[in-house]
Amino acid sequence: MTRRNGIRTVLVLLLVGLGVVLFALGKEHQVFLDNKALAVGGAEVPALESVRVTVDGGEPLEFAADDRDVVQTRGLRAQVKLEILDGNGNVTKTVERSVSFSFEDRVMLSLPVLAQGGEGYRLPPPVVE
């Protein structure tokens, strides 16, 4: 009888663990991409004039200064690729960064800070009213 209860306990724990893993992998996040100037650590970080952003290999989005857009992504992390463009639309610099999420539904990323490779690129998401 105790062996049977032990097996049942292990199976229940495995099912609970599988549920947690599937929840984490299927969790969808709204990622706000913000290309606005801001101050980080007392230093002013200017907005990027022209940048193309790809999140997890999806559709590339182009941003001018002071633009903001949102993408949906799934899982605990996303690969963000920034291509800084010159006036003719040619790529002058490429930055790739892996961004991890916890169980947050909404996250906002500062593109100018990501392009510099610095920390502090996570901003509070906009408030929904």
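Residue numbers for the sequence shown, in numbering that gives the first Met the number 0: 0 to 128. Every residue gets a Cβ at the ideal spot worked out from N, C-alpha and C, and that includes glycine.
Once you ignore the five residues that flank Gly154 on each side, which residues in its own chain have a CB closer than 8 Å to its CB? The chain is shown only over 0 to 128; residue 154 falls outside these bounds and no answer can be derived.
Beta-carbon within less than 6 Å of Arg76's beta-carbon, same chain only, minus the 5 sequence neighbours each way: which residues are those? Residue mapping note: residue 76 aligns to position 77 of the sequence shown, counting from 1. Cβ-Cβ distances below 6 Å link Arg76 to Ser97, Ser99 in the same chain, with the five nearest sequence neighbours on each side left out; the list follows chain order.
So the beta strand (DSSP E) Leu60 belongs to, where does it begin and stop? If you number the sequence shown from 1, residue 60 lands on position 61. Here the beta strand (DSSP E) through Leu60 covers 60 to 63.
Report the residue from Gln115, Ala64, Thr1 whose alpha carbon sits nearest the alpha carbon of Asn34. Here residue 34 refers to the residue found at position 35 when the sequence shown is read from its first residue. Distance from the Cα of Asn34 is smallest, within the candidate group Gln115, Ala64, Thr1, for Ala64.
Which partner residues does Ser49 have in the DSSP bridge list? Start at 1 with the first residue of the sequence shown, and residue 49 comes out as number 50. For Ser49, the beta-bridge partners assigned by DSSP are Ala63.
Enclosing beta strand (DSSP E) for Ala114 [first to last residue]: In the sequence shown, the residue the question calls residue 114 occupies position 115. No beta strand (DSSP E) contains Ala114, which is instead part of the alpha helix (DSSP H) from 110 to 115.
For the candidate residues Tyr120, Val126, Asn4, whose alpha-carbon lies nearest to that of Ala36? Residue mapping note: residue 36 aligns to position 37 of the sequence shown, counting from 1. The candidate whose alpha carbon is nearest that of Ala36 is Tyr120.
Between which two residues does the alpha helix (DSSP H) carrying Phe22 extend? In the sequence shown, residue 22 corresponds to position 23, counting from 1. Where Phe22 is concerned, the enclosing alpha helix (DSSP H) stretches over 1 to 25.
How far does the beta strand (DSSP E) with Gly92 in it reach, from first residue to last? Indexing the sequence shown from 1 puts residue 92 at position 93. Contrary to the premise, residue 92 reads as Lys rather than Gly in this sequence. Run containing Lys92: 90 to 99, per the beta strand (DSSP E) assignment.
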